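Participant:
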Amino acid sequence: MSQYSILAAAVEHRLLEKNSEFITFLQPVSDREQALHWLQHYREHYKDAAHVCWAYIIGNTRQPQTQAFSDDGEPSGTAGKPMLHVLTERELGNCLAVVVRYFGGIKLGAGGLVRAYSAAVSQAAQQARLTLVSPQSLLRIAADFALEARIRQLLAQFDATLLDVQYQQGVALSVSLAAADLASFKLQLQELCAGAVSLTEPTA
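Oh and the sequence shown: position 162 is 161 in numbering that gives the first Met the number 0, straight run, nothing missing.
#1: Excluding the 5 residues flanking P201 on each side, which residues of the same chain have their C-beta closer than 7 Å to its C-beta?
#2: I'd like to know whether the C-beta atoms of V97 and A141 end up nearer to each other than 9 Å.
#3: Does L186 pass the burial test, meaning 16 or more other C-beta atoms within 10 Å, or should it be called exposed?
#4: Whether or not the segment 76 to 86 and the segment 115 to 124 are in contact is what I'm after, with contact meaning three or more pairs of Cβ atoms, one per stretch, closer than 8 Å; do they touch?
#5: Near L146, what residues of its chain come up, given a Cβ to Cβ distance below 6 Å and the 5 sequence neighbours on each side ignored?
#6: If you check the beta carbons only, do L25 and L91 fall under 9 Å apart?
#7: Per DSSP, D30 forms a beta bridge with which residues?
#8: At the level of alpha carbons, what is the spacing between S19 and Y101?
#9: Which residues does DSSP pair with Y251 in a beta bridge?
#10: Sort out for me which residues DSSP pairs D163 with in a bridge.
#11: For Y55, count the other beta carbons within 10 Å of its own beta carbon; 16 or more makes it buried, fewer makes it exposed. Which is it?
#12: Any chance the segment 154 to 165 sits against the segment 99 to 114, with 3 or more Cβ pairs inside 8 Å?
#13: Give the DSSP-derived three-state secondary structure of Y55 in the structure shown.
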């Protein structure tokens, strides 16, 4: 899986459409629980609003781990789904979008609502800062003590993260590195250690 982008910092944006005010919040979130926590925060803060519509997407927008949306009382398909569509198209992974609407007395109609909610999130997205993320793979390396220094040097070359080290009969290192580098790293490690190394890939 290639690199993907995620929201780096929170964004707030206001849009006025036919006297209705649309306040958009883009909030970085890393899982469903965090998204729902922030959603509750905005609901409590804007209790007097007509609608608090939302959408979130976790992970790579092209292959999301999870995603969801809500129209919060607006006509079906006019708010949450268009908001999620903007997050996907703008590649705003790990992002919760909340649009708080204060009704201005003029009905927008279904098409007008879709355009307004889409524009609200799209304009907020223009202000967003993104961070590129490389999917990571976990690897457990078991080898003789004598090989530890060489293994650590190779880890540094691949910019891998050392998560844990255990010393028993030999040394066992738990590491995390870019998934795209995994095959090359394993090949070089076997060559470096002349095959005298055991590799396992934990699922999590």
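The beta carbon of each residue, even a glycine, is placed where N, CA and C say it ideally should be. Since the structure is predicted, the reported quantities are computational estimates derived from the model, not experimental observations.
Facilitator: Let's see:
#1: Taking the first residue of the sequence shown as position 1, residue 201 is located at position 202. Its chain contains L137 and R139 as the residues whose beta carbon lies nearer than 7 Å to that of P201, once the 5 sequence neighbours on both sides are disregarded; these appear in chain order.
#2: To locate residue 97, count along the sequence shown from 1; it is residue 98. To locate residue 141, count along the sequence shown from 1; it is residue 142. With a cutoff of 9 Å on beta-carbon distance, V97 and A141 are scored as not near each other.
#3: Within the sequence shown, residue 186 is the residue found at index 187, counting from 1. Looking at its Cβ environment, which holds fewer than 16 other Cβ atoms inside 10 Å, L186 is exposed.
#4: Here the segment 115 to 124 lies against the segment 76 to 86, with 3 or more beta-carbon pairs under 8 Å apart.
#5: Here residue 146 refers to the residue found at position 147 of the sequence shown. Correct list, in chain order: C192.
#6: Indexing the sequence shown from 1 puts residue 25 at position 26. Indexing the sequence shown from 1 puts residue 91 at position 92. Yes, Cβ-Cβ distance for L25 and L91 is below 9 Å.
#7: Position 31 of the sequence shown, counted from the start, is the residue given in the question as residue 30. D30 is not bridged to any residue.
#8: The residue given as residue 19 occupies position 20 in the sequence shown. The residue given as residue 101 occupies position 102 in the sequence shown. Across the structure, S19 and Y101 are spaced so that their CA atoms are roughly 6 Å apart.
#9: Residue 251 lies beyond the residue range present for the chain, which begins at 0 and ends at 203; the question has no answer from this structure.
#10: Residue 163 sits at position 164 when you count from the first residue of the sequence shown. Residue pairing by DSSP puts D163 in a beta bridge opposite S173.
#11: Reading the sequence shown from its first residue, position 56 is the one you call residue 55. Of the residues assessed, Y55 falls on the buried side of the cut-off, its CB having 16 or more other CB atoms within 10 angstroms.
#12: By the C-beta criterion, the segment 154 to 165 is judged not to be in contact with the segment 99 to 114, since fewer than 3 inter-stretch pairs fall below 8 Å.
#13: Taking the first residue of the sequence shown as position 1, residue 55 is located at position 56. When secondary structure is reduced to three states using DSSP, Y55 falls in the strand class.
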